[in-house]
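The working numbering numbers the first residue of the sequence shown as 17 and each following residue consecutively. For glycine and all other residues, C-beta sits at the position ideal for the given N, C-alpha and C. Note that this is a predicted model, so its numbers are computed, not measured.
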Amino acid sequence: MAKTVELIIDGKSHTFPVVEGSEKELAIDISDLRDKTGYITLDIGYKNTGATKSAITFLDGEQGILHYRGYAIEELAEKSTFLEVAYLLIFGELPTKAEYEKFTTDITKRTLVHEDIKKILDGFPSTSHPMGVLSSLFCAQTAFYPESLNPNRPPDGVYLSIIRSLGKMPTFAAWSYKNAIGHPVNYPDNKLDYCPRFLKMMFALPGQEYEVDPVVADALDKLFILHADHEQNCSTSTVRIVGSSKASIYSAISAGINALWGPLHGGANQEVIIMLENIRKDGGNIDKWIDKAKDKNDPFRLMGFGHRVYKNFDPRAKIIKKAADDVLKKLGVNDPILEIAKKLEEIALKDPYFVERKLYPNVDFYSGIIYRALGIPVDMFTVMFAMGRLPGWIAQWKELRDQGEPIGRPRQVYTGKTKRPFVPIDKR
Ligand code: SDX
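What follows is the structure, encoded as C-alpha cells:
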C-alpha cells in the first residue's frame with residue numbers, strides 16, 4: 017500500500033502521496049495541492065522543496081555524505097579522474113576503457129574555438145572579471161552552433177553539444193584569464209591531457225617552453241572531481257530552470273555560470289582568501305573576526321562556513337583540507353593563511369554560535385588555498401569552480417530533458433496593493 021499523508025483544511029481532509037527515494041528520503045507529492053485545496057505552499061529559498069526526482073547525486077547533510085551515481089566522493093577523489101567522473105555523471109555509469117578512450121578523444125578534438133570568438137573577447141576590457149567573460153563566451157556558442165537551438169535535437173546532436181562544452185570550457189577559461197592580464201591567448205595543445213592542457217593555456221608565455229608540474233595537474237584534477245556536481249544547488253537549479261524552457265544547453269550553462277558567481281555560492285572561494293588575507297593583515301586577530309561573524313549588526317560572515325544542506329562537515333572540505341597540506345608540502349609552498357584557516361576552523365568549531373547553527377567549513381573554505389598554491393590568481397577561483405561543476409550542470413540538464421520535465425514556473429503569495437483606479441498625472 018503506497019504511503020500517503022492527510023492534510024485537513026477547513027475541516028476537509030485531503031490525501032497526498034508520499035514519494036520515497038532510493039536512499040529512503042521521503043517527500044510529499046503536492047503536484048495537485050492547488051487543484052484540490054486552492055492553497056499553494058510557501059518556502060522562500062526552497063529550503064524544504066524538492067524540484068525534481070534525480071538519479072545523479074545523493075547528499076546526506078546530517079551525515080556529511082556525497083555520492084555521484086552511488087559512488088562515494090572519497091573513492092572517486094582518490095581513484096578516478098575528472099573526465100571519468102564527468103562520463104559517470106552524464107551517462108550514469110563508469111566508462112569502459114573503450115568508452116573512456118572515445119569520450120576523451122572526442123573532447124580533445126573540440127578544444128579549439130572559432131577565431132571570431134577572439135573578436136568577442138577583445139571587446140572585454142582587462143578589468144572584466146573572468147566569470148563575466150566566461151559566461152559570455154560560453155553563451156556565444158549559440159551563435160556558432162545554431163543547431164543547438166533546436167529543442168528536439170537528436171541524441172547525436174546532444175552528444176556533440178556535450179563534448180563541445182567540455183572541450184571548449186578550458187579554452188574559454190584560460191582566454192578569460194589572458195584577457196585579464198593583457199597577454200596573447202594560447203591555443204590548446206592537444207598532445208596533453210585535460211588539466212595539463214588547461215594549465216599550459218593559462219600560464220605558457222609567448223616563445224617560452226612551459227612544463228606542466230604533474231603535482232599541480234593532479235591537484236586540479238582532484239579539485240574538479242570534488243566540484244563536479246552537488247544536486248540541486250543554486251547554479252544547478254538555474255541550469256535546470258533555463259533548460260526547462262527548452263533553451264540551448266549553452267545558454268542554460270551560461271546562466272549557471274552567472275548564478276555560481278555570487279559570493280554566497282561559488283564566489284565564496286574567492287571571498288575566503290580575501291577574508292583570510294584581511295585577518296592576516298589585521299595581525300591574525302581571529303577572535304575579532306569570529307565576533308564580527310556572530311554580530312547580527314555586522315554584515316560580515318565567515319566565508320567558506322555554513323551550508324544550506326550540510327549540517328555536518330562538508331565531505332569535500334575534509335578531502336580538500338588534507339590535499340592542501342599535501343600539495344603545499346609537495347610544492348614547497350608555505351602559505352601563512354593556511355595556518356590561519358586551520359586556527360579559524362578550530363576556534364569556530366568550538367564556539368556555541370557555530371555549533372548551535374551547525375556551521376562547518378564547506379567546499380570553498382580550503383579550495384582557494386590550494387588554487388593559490390597552484391599559482392591560480394584569486395579572480396580565477398570561481399572559474400575553477402565552474403570548470404569543475406560543468407559535468408554536473410550537463411548531467412542535470414540532460415536528465416531534465418530525458419525526463420521530459422515541464423517548464424519550471426513557481427507560484428507566489430501576492431502582498432502588493434489591491435485593485436485601485438488609475439489617477440491622471442495632474443491629479444496625483
Ligand atoms: C557553495 O548548495 C550547494 O550545494 C552549494 C555548494 C555547491 O557545491 O554547489 O556546496 C557550494 O555554495 C558552498 C557555500 C559557499 N558560501 C559561503 O561560504 C558563504 C558563507 N555561508 C553563508 O552565507 C551561508 O552559510 C550559506 C549561504 C552557505 C547558507 O545559508 P542558509 O542555508 O540560507 O543559512 P542561513 O543564512 O539561514 O543561516 C542560518 C543561520 C543564520 O543565523 P540566525 O539568523 O539563525 O541567527 O546561520 C548563520 C546565519 O546568520 N550563518 C552564518 C554563516 N552562515 C550562516 N553566520 C556567520 N557566518 C556564516 N558563514
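Top-ranked residue by Cα proximity to residue i, from the options
i, options, result
"residue 288", "354, 227 and 167", "354"
"residue 221", "197, 21 and 262", "197"
"residue 246", "433, 72 and 443", "72"
"residue 259", "164, 346 and 214", "164"
"residue 401", "285, 249 and 413", "285"
"residue 51", "32, 183 and 227", "32"
"residue 356", "295, 388, 40 and 365", "295"
"residue 321", "351, 338, 340 and 358", "358"
"residue 81", "334, 381 and 143", "334"
"residue 97", "256, 154 and 235", "235"
"residue 143", "340, 395, 328 and 190", "395"
"residue 218", "36, 203 and 231", "203"
"residue 131", "339, 23 and 201", "201"
"residue 232", "340, 251, 88 and 189", "340"
"residue 304", "214, 331, 363 and 325", "363"
"residue 30", "37, 429 and 22", "22"
"residue 223", "207, 214, 199 and 213", "199"
"residue 77", "373, 325, 174 and 378", "325"
"residue 35", "212, 109, 151 and 46", "46"
"residue 161", "139, 149 and 174", "174"
"residue 319", "280, 118 and 193", "280"
"residue 13", "361, 413, 17 and 135", "No statement about residue 13 is possible, as the shown extent of the chain runs from 17 to 444 and does not include it."
"residue 212", "195, 238 and 192", "238"
"residue 425", "177, 253, 240 and 94", "253"
"residue 191", "207, 209, 215 and 172", "215"
"residue 386", "249, 360 and 350", "350"
"residue 67", "290, 240, 369 and 44", "44"
"residue 292", "209, 226, 380 and 323", "380"
"residue 332", "54, 62, 88 and 37", "88"
"residue 20", "145, 26 and 42", "42"
"residue 384", "434, 181, 255 and 398", "398"
"residue 382", "255, 153 and 342", "342"
"residue 176", "140, 138, 153 and 118", "118"
"residue 28", "372, 48 and 53", "53"
Integer Cβ distance of residue i from residue j, believed to fall under 8 Å
i, j, result
"residue 427", "residue 133", "That belief does not hold up - the Cβ atoms of residue 427 and residue 133 are roughly 40 Å apart, past 8 Å."
"residue 409", "residue 272", "5 Å"
"residue 127", "residue 183", "5 Å"
"residue 158", "residue 264", "5 Å"
"residue 242", "residue 336", "6 Å"
"residue 376", "residue 329", "5 Å"
"residue 406", "residue 185", "5 Å"
"residue 261", "residue 151", "Actually they do not touch by this definition, with Cβ atoms about 17 Å apart."
"residue 302", "residue 360", "5 Å"
"residue 100", "residue 111", "6 Å"
"residue 140", "residue 403", "Not a contact, Cβ separation roughly 19 Å."
Residue i - containing alpha helix (DSSP H), residue span
i, result
"residue 243", "230-243"
"residue 208", "Careful: residue 208 lies outside any alpha helix (DSSP H) and carries neither H nor E."
"residue 377", "Taken as a continuous stretch (DSSP letters only), residue 377 belongs to no alpha helix (DSSP H), as it is neither H nor E."
"residue 292", "284-297"
"residue 137", "133-138"
"residue 43", "Note, residue 43: premise wrong, no alpha helix (DSSP H); beta strand (DSSP E) at 42-44."
"residue 122", "113-124"
"residue 338", "331-347"
"residue 10", "One cannot answer for residue 10 here, as it falls past the ends of the chain, which runs 17 to 444."
"residue 418", "397-418"
"residue 64", "Taken as a continuous stretch (DSSP letters only), residue 64 belongs to no alpha helix (DSSP H), as it is neither H nor E."
"residue 265", "265-276"
"residue 352", "352-364"
"residue 259", "250-260"
"residue 103", "98-107"
"residue 149", "146-160"
"residue 53", "49-53"
"residue 309", "302-310"
"residue 372", "368-372"
"residue 92", "89-95"
Residue range of the beta strand (DSSP E) that includes residue i
i, result
"residue 443", "Looking at the DSSP string, residue 443 is not in any beta strand (DSSP E), and its letter there is neither H nor E."
"residue 28", "28-36"
"residue 74", "73-76"
"residue 20", "20-25"
"residue 6", "Residue coverage of the chain in this structure runs from 17 to 444, which leaves residue 6 outside it and unanswerable."
Check whether the segment 331-351 and the segment 102-114 touch, using three or more Cβ-Cβ pairs below 8 Å as the test. no
Should the segment 421-435 be regarded as contacting the segment 156-173, the criterion being three or more beta carbon pairs within less than 8 Å? The answer is no - the segment 156-173 does not touch the segment 421-435, with fewer than three Cβ pairs under 8 Å.
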